[in-house]
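Take a look at the structure set out below.
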Amino acid sequence: MASLVLAEHDNKALKDATAKTVTAAVQLDAPVHVLVAGYDCASVAEAAAKLAGVEKVLVADEVLYAHPLAETLAALLLSLAGQYDAILAPATTQGKNVLPRVAASLDVPQISEILKVVAPDTFERPIYAGNAIQTVQFGEGKKVITVRTTAFKAAELSGKALVERISAAGDPATSKFISEELSKSARPELTSAKIVISGGRGMGSGENFKLLEKIADKLHAAIGASRAAVDAGFVPNDYQVGQTGKVVAPDLYIAVGISGAIQHLAGMKDSKVIAAVNKDEEAPIFQVADVGLVADLFKAIPELEEELKKLGY
Amino acid sequence: MKVLVPVKRVVDYNVKVRVKADETGVDLANVKMSMNPFDEIAVEEAVRLKEKGQATEIVAVSIGPQQASETIRTALAIGADRGILVKTEAPIEPLAVAKILRAICEAEKPSLVILGKQAIDDDSNQTGQMLAALLDWPQATFAHKLELGEASATVVREIDGGLQTVEVRLPAIVTTDLRLNEPRYASLPNIMKAKKKPIEEKTPADYSVDTSPRLKVLKVSEPPKRQGGVKVKTVGEFLGKLKEAGVL
């Protein structure tokens with residue numbers, strides 16, 4: 001039987017997280033279908049059809065899914081579940097919200113945030129903030145899986161899948177979308193940026209994050225933060241990188257004024273190159289950093305900006 | 314209105330766990346245990362609802378070994394009214410936890426269940442959503458702000474890229490995110506008072522729930538280690554090293 005991947009999108013563009021989840025799904029050795037639930041989302045379905053390895057794209061294009069909720073999305077997935085052996089979603093806030101609801105309704109367990117497909121029924125996943133890796137195997141029944149997208153490459157755009165319209169499932173009508181407040185930024189998204197520059201408690205204030213913004217604008221980097229910086233109210237929670245925030249794995253991660261608590265490392269230690277700026281030579285961040293600059297960030301970051309300017313950035 | 318708050322006993326936030334040499338799990342012998350931080354936020358939120366006069370009774374539930382009663386005591390010291398300990402020594406998966414909680418909800422009939430969004434040991438992030446499915450209740454996960462009405466709750470949720478506001482009909486499930494509140498420290502008089510609050514002891518069998526694992530853990534291993542690299546003193550050297558690494 002086939003595997004079904006729940007697509008992540010904003011009704012206009014398909015998110016990169018979907019392409020990465022498809023890569024994981026393909027490794028289950030079964031045909032892969034993608035479900036696009038949205039409203040006025042034809043361009044998303046088209047994009048999903050181009051992903052290599054996808055056999056069919058199911059599109060539920062209905063007002064009900066303009067702002068899909070856990071209740072409506074789970075009802076739709078459950079109406080389709082009979083035809084599938086596995087249901088996957090990226091481990092985004094949407095995937096995390098919806099998939100356990102589907103698993104429990106099917107009376108099967110879920111394996112969260114897989115890092116690797118060992119066999120079609122066996123997966124690696126992080127526990128204890130990534131301080132241990134568990135290899136875990138499903139028993140009988142359908143497989144419900146969320147995928148840590150930083151652990152998989154995006155599927156290529158060489159596919160030509162069939163697009164099939166499907167109708168909406170029932171509306172449980174127990175919950176209602178009211179509004180959404182998305183932070184608008186011209187910078188790349190934190191989870192898919194090639195370069196991320198993050199600030200910690202050492203930044204001292206939200207105002208001081210402007211120092212990082214200047215570097216980010218030069219390098220086309222996304223801005224992140226440690227939990228300490230979020231807790232201190234310097235920046236919003238969706239900047240948070242770590243066990244309880246986002247997991248990133250860019251080509252270059254620059255940690256500024258971040259001590260390097262294990263909970264923060266959990267969110268960035270798979271970055272290709274880690275650079276750190278911290279005045280405390282003993283800070284644990286230096287134990288994982290490929291390049292560490294021991295310096296006062298308030299001197300070093302403006303200087304870094306100047307140097308980058310000289311280099312033509 | 315009754316509020317149910319499930320709380321989990323986990324390895325303390327500040328402990329760096331070690332994988333056992335035989336790869337059967339992590340070493341928990343003589344390790345400090347505490348209430349899961351997200352569950353503390355859940356207890357705090359319930360207590361605030363009671364202080365506002367919106368909640369009338371808070372029931373703290375823990376599923377785990379006898380020592381989980383200490384975790385319930387912590388909840389009672391923060392302000393919960395009574396506890397239920399469902400005793401089980403074996404590790405228990407989120408689906409089985411959700412089934413036990415469903416049975417407790419059917420008996421206790423709370424209007425609201427507030428849970429932590431994830432436990433910091435297995436990092437599953439499943440139990441609240443699973444409980445909502447089993448009860449066929451609506452859910453508002455990753456709560457940033459909770460406002461309780463007569464028949465519904467308005468919840469601002471932390472989502473990728475920002476915040477989303479939803480309204481859920483009661484009874485409902487809410488799971489907490491970090492910024493919902495800052496849990497208080499229990500005062501000494503409240504810790505003393507908590508010792509007199511009742512904790513009822515049960516077993517999974519009392520709720521006819523089979524807790525045998527449905528997943529098979531084949532091994533638990535160390536993650537690949539990262540080696541620290543070079544430390545430099547000047548911005549020039551710093552940039553040079555990054556260029557050498559090919560990332561600039």
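Chains as they are written, first to last, in my numbering: chain R, 1 to 313; chain F, 314 to 561. The C-beta atom is built at its ideal place from N, Cα and C for all residues, glycine as well.
Min CB distance residue i to chain F below 8 Å
i: P126 of chain R; result: yes
i: P31 of chain R; result: no
i: I178 of chain R; result: yes
i: I262 of chain R; result: yes
i: L212 of chain R; result: no
i: Q243 of chain R; result: yes
i: D217 of chain R; result: no
i: S105 of chain R; result: yes
i: N11 of chain R; result: no
i: Y188 of chain R; result: Residue 188 of chain R is actually Pro in this sequence, not Tyr. For P188 of chain R, the answer is no, since every Cβ of chain F falls outside 8 Å of its Cβ.
i: E303 of chain R; result: yes
i: R101 of chain R; result: yes
i: K96 of chain R; result: yes
i: D251 of chain R; result: yes
Under 8 Å by beta carbon: chain R residues contacting residue i
i: G549 of chain F; result: E307
i: L425 of chain F; result: Simply none; closest approach about 14 Å.
i: A428 of chain F; result: The sequence shown places Leu at residue 428 of chain F, rather than the Ala named in the question. Result: empty, since nearest Cβ-Cβ is about 12 Å, beyond 8 Å.
i: L555 of chain F; result: L252, V273, A275, V291
Cβ of residue i within 8 Å of any chain R Cβ
i: K345 of chain F; result: no
i: K529 of chain F; result: yes
i: V479 of chain F; result: yes
i: S534 of chain F; result: yes
i: K544 of chain F; result: yes
i: V318 of chain F; result: no
i: A342 of chain F; result: no
i: T467 of chain F; result: yes
i: R482 of chain F; result: yes
i: V356 of chain F; result: no
i: L491 of chain F; result: yes
i: V332 of chain F; result: yes
i: A558 of chain F; result: yes
i: V339 of chain F; result: yes
i: L552 of chain F; result: yes
Backbone secondary structure at residue i - three-state DSSP
i: R395 of chain F; result: strand
i: I472 of chain F; result: strand
i: E336 of chain F; result: coil
i: S465 of chain F; result: strand
i: L459 of chain F; result: strand
i: H9 of chain R; result: strand
i: K554 of chain F; result: helix
i: I262 of chain R; result: helix
i: Q439 of chain F; result: coil
i: F351 of chain F; result: helix
i: A499 of chain F; result: coil
i: Y65 of chain R; result: helix
i: G245 of chain R; result: coil
i: R101 of chain R; result: helix
i: S271 of chain R; result: coil
i: L293 of chain R; result: strand
i: P284 of chain R; result: helix
i: R361 of chain F; result: helix
i: V26 of chain R; result: helix
i: M314 of chain F; result: coil
Chain-ordered chain F contacts of residue i [CB-CB under 8 Å]
i: P120 of chain R; result: By Cβ distance, chain F contributes nothing, its closest Cβ being about 14 Å from P120 of chain R, past 8 Å.
i: I111 of chain R; result: L528
i: L314 of chain R; result: Residue 314 of chain R lies beyond the range of chain R shown here (1 to 313); nothing can be said about it.
Closer than 7 Å at the beta carbon, the chain R residues around residue i
i: D473 of chain F; result: T92, T93, D238
i: R539 of chain F; result: K269, V288
i: K312 of chain F; result: This structure cannot speak to residue 312 of chain F, because chain F is shown only from 314 to 561.
Cβ-heavy atom distance, residue i to the ligand FMN, below 7 Å
i: Q380 of chain F; result: No copy of the ligand FMN appears in this structure; indeed no ligand is present at all.
Subject >> Contact list for the region 280-296 of chain R against chain F, Cβ threshold 8 Å >> reply: E281, F286, Q287, V288, A289, D290, V291, G292, L293, V294, A295
Original post:
Of all the residues that make up the region 433-461 of chain F, which are near chain R by a beta-carbon distance shorter than 9 Å?
Top reply: I433, D434, D435, D436, S437, N438, Q439, T440, G441, Q442, M443, L444, A445, A446, L447, D449, W450, P451, Q452, A453, T454, F455, H457
Subject >> chain F contacts from the region 127-138 of chain R (Cβ-Cβ distance under 9 Å) >> reply: I127, Y128, A129, G130, N131, A132, I133, Q134, T135, V136, Q137, F138
**OP:** Entirely within the region 378-429 of chain F and at least 4 residues each: give me those alpha helix (DSSP H) ranges in chain order.
**Re:** 381-391, 407-421
**OP:** Quick one: which unbroken beta strand (DSSP E) runs of 3-plus residues sit fully inside the region 180-233 of chain R? Chain order, please.
**Re:** 195-199, 222-225
Original post:
At a Cβ cut of 8 Å, what residues of the region 69-84 of chain R count as close to chain F, listed as they run along the chain?
Top reply: L69, A70, E71, A74
Subject >> chain R contacts from the region 394-415 of chain F (Cβ-Cβ distance under 8 Å) >> reply: E406, P407, L408, A411
**OP:** Entirely within the region 513-548 of chain F and at least 4 residues each: give me those alpha helix (DSSP H) ranges in chain order.
**Re:** none
**OP:** Taking a Cβ distance cut-off of 7 Å, strictly less, list which residues of the region 153-187 of chain R are near chain F, in chain order.
**Re:** T174, S175, K176, F177, I178, S179, E180, E181, L182, S183
**OP:** Taking only runs that begin and end inside the region 80-165 of chain R, name each unbroken alpha helix (DSSP H) of 4 or more residues, in chain order.
**Re:** 93-105
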